[in-house]
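Note that the protein sequences, when read in sequence, are chains A and B.
Okay, so the first sequence: first residue is 22 according to our numbering, each after it adds one.
Okay, so the second sequence: first residue is 15 according to our numbering, each after it adds one.
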Amino acid sequence: AAIPAPYASCKNLCHRHQLFINFRDLGWHKWIIAPKGFMANYCHGDCPFSMTTSLNSSNYAFMQALMHVVDPAIPQAVCIPTKLSPISMLYQDNDDNVILRHYEDMVVDECGC
Amino acid sequence: QTLQFREHVFLKFLGLDKVPSPQKFQPVPYIMKKIFQDQETAATTGVSQDLCYVKELGVRGNVLRLLPDQGFFLYSENFSQASSCLQKLLYFNLSAIKDKKQLTMAQLGLDLGPNTYYNLGPEMELALSLVQEPHVWGRFIPKPGKMFVLQSVPWPQGVLYFNLLDVAKDWNDNHQKNLGLFLEMLVKGDRDAGVNFQLEDICASLRRSLHASLLVVTLNPEQCQPSSRKRR
Numbered sequence: 022a023a024i025p026a027p028y029a030s031c032k033n034l035c036h037r038h039q040l041f042i043n044f045r046d047l048g049w050h051k052w053i054i055a056p057k058g059f060m061a062n063y064c065h066g067d068c069p070f071s072m073t074t075s076l077n078s079s080n081y082a083f084m085q086a087l088m089h090v091v092d093p094a095i096p097q098a099v100c101i102p103t104k105l106s107p108i109s110m111l112y113q114d115n116d117d118n119v120i121l122r123h124y125e126d127m128v129v130d131e132c133g134c
Numbered sequence: 015q016t017l018q019f020r021e022h023v024f025l026k027f028l029g030l031d032k033v034p035s036p037q038k039f040q041p042v043p044y045i046m047k048k049i050f051q052d053q054e055t056a057a058t059t060g061v062s063q064d065l066c067y068v069k070e071l072g073v074r075g076n077v078l079r080l081l082p083d084q085g086f087f088l089y090s091e092n093f094s095q096a097s098s099c100l101q102k103l104l105y106f107n108l109s110a111i112k113d114k115k116q117l118t119m120a121q122l123g124l125d126l127g128p129n130t131y132y133n134l135g136p137e138m139e140l141a142l143s144l145v146q147e148p149h150v151w152g153r154f155i156p157k158p159g160k161m162f163v164l165q166s167v168p169w170p171q172g173v174l175y176f177n178l179l180d181v182a183k184d185w186n187d188n189h190q191k192n193l194g195l196f197l198e199m200l201v202k203g204d205r206d207a208g209v210n211f212q213l214e215d216i217c218a219s220l221r222r223s224l225h226a227s228l229l230v231v232t233l234n235p236e237q238c239q240p241s242s243r244k245r246r
């Protein structure tokens, strides 16, 4: 039977934390034409065993969380991105060239254990 | 110092070796804005997209560059045609394109500016030739090695496009070959004195409004595996 983990408050559980970097704060608005900033979201939070069945988790995470309960020396499952999206950047380089470049897997949309 | 180091790492990730400090922003052509907006819309709506295919241009590629013309106007009475309206050396610096990237498109755009020409009747002929070995610098007298575009357009207006992929590949393979392009605009058809006067006026305004640029698309094989291999 699953040993009930001490109730972890929601805010400590694994989830996506939103963070917007405004290029103006870095002084990069002088050469980046678009976008104005970048969503530097990140994943953070606990993956207790009791929650692995609902936290958008992989089967592996479920097993690792179970092992962690049996033997705490085994680390808990970790909170990682499960859905990412690309960004495009329109900027100007030192030769006055206008460059449009795509970067995949740059923005974290969802997190899971 | 840590922040500077981190900034350097992030710039390297963007493919830059130092923070660009442009003096002024170049005009961004409509097509680049459209491609940017389409990508942003697809990313925010979660629509999956092939980042190595530019559907608006119908070519494979994941980096677009708009290179401004760094050439200069030529004023010499030695040119072939008495009816010559404008001569310009067009030069595009391809050094920003590192050799491992594949060139998939190179489109010359000649923006002749607003159609302010008087309706004079004679046809303007636009001749674009490849300069291969200029004779003498200083009194620059180009020997157009290869006339590879001769387009006769009735009083050209707006933007004219030319496919320069083969030429750009040549230049990219061997930068020494990149001596630029010789652009000459001629006026055809017979003209009376009245028209001649207006013509000088028109050629002067053409020289002021002409804006040339080269749109280059490259494909980075390391970031753009053929889809089958990626699936495997």
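Even glycine gets a Cβ: it sits at the ideal position worked out from N, Cα and C.
Scanning B:Cys238, B:Leu224, B:Arg222, B:Val201 for the CA closest to the CA of Leu213 (chain B) turns up B:Val201. DSSP places Tyr105 (chain B) in the coil class of the three-state scheme, outside both helix and strand. The beta carbon of Tyr81 (chain A) does not come within 8 Å of any beta carbon belonging to chain B, so the residue lies off that interface.
Chain-order list of chain B residues neighbouring Val129 (chain A): empty, with the shortest C-beta distance near 12 Å, by a criterion of under 7 Å. Take Cys66 (chain B), set aside five residues on each side of it, and the residues of its chain with a beta-carbon closer than 8 Å to its own are Arg74, Gly75, Asn76, Leu233, Gln237, Cys238, in chain order.
Contact of His50 (chain A) with chain B is not assigned, every C-beta pair being separated by 8 Å or more.
As the crow flies, the alpha-carbon of Ser109 (chain A) is around 41 Å from that of Leu87 (chain A).
In this chain, His36 (chain A) is not harboured by any alpha helix (DSSP H); it is covered by the beta strand (DSSP E) spanning 36-38. Following the DSSP letters along the chain, one finds Gln121 (chain B) inside the beta strand (DSSP E) bounded by residues 116-125. Put simply, of A:Asp46, A:Gln113, A:Gln85 the residue whose alpha carbon is nearest the alpha carbon of Ala94 (chain A) is A:Gln85. Closer than 8 Å to the CB of Pro34 (chain B) there is at least one CB belonging to chain A. Nearest C-alpha to Lys104 (chain A) among A:Ser71, A:His36, A:Gly48: A:His36. By the neighbour-count criterion, in which a residue is buried when 16 or more other Cβ atoms sit within 10 angstroms of its Cβ, Gln97 (chain A) is buried. For Ala226 (chain B), the three-state secondary structure derived from DSSP is strand. Using a Cβ-Cβ cut-off of 8 Å, Val77 (chain B) counts as an interface residue toward chain A, since at least one Cβ of chain A sits closer than that to its own. Taking a Cβ-Cβ threshold of 8 Å, the residues of chain A close to Val42 (chain B) are Ile54, Leu111, Val119, in chain order. For Gly60 (chain B), the neighbours in chain A by C-beta distance under 9 Å run, in chain order, Lys104, Ser106, Asp130.
With its beta carbon at least 8 Å from every one in chain B, Asp46 (chain A) lies outside the interface. By the rule that beta-carbons nearer than 8 Å mark a contact, Asn115 (chain A) touches chain B. Neighbours of Pro82 (chain B) in chain A, taken as residues at a C-beta separation under 9 Å, are given in chain order as Asp116, Asp117, Asn118, Val119. No Cβ of chain A is located within less than 8 Å of the beta carbon of Glu70 (chain B). A direct Cα-to-Cα measurement between Pro43 (chain B) and Leu80 (chain B) gives close to 9 Å. Secondary structure note for His89 (chain A): its alpha helix (DSSP H) is the uninterrupted segment 80-91. If you check the CB distance, Met46 (chain B) and Leu111 (chain A) come in under 8 Å. Close CB contacts of Leu122 (chain B) within its chain, under the 6 Å cut and outside five residues either way in sequence, are with Phe176, Leu178, Leu228 (chain order). Asp67 (chain A) is bridged by DSSP to A:Leu34. Sequence-distant Cβ neighbours of Glu21 (chain B) in its own chain, meaning closer than 8 Å and more than five residues away, are Val33. Secondary structure at Ile53 (chain A): strand, using DSSP grouped into helix, strand and coil. Taking the Cα of Arg222 (chain B) as reference, the smallest distance to any Cα among B:Leu100, B:Val173, B:Gln84 is reached at B:Leu100. In terms of beta-carbon proximity, Arg37 (chain A) stays away from the interface with chain B, with every pair separated by 8 Å or more.
In chain A, no part has a C-beta under 7 Å from the C-beta of Met119 (chain B); the shortest such distance is about 13 Å.
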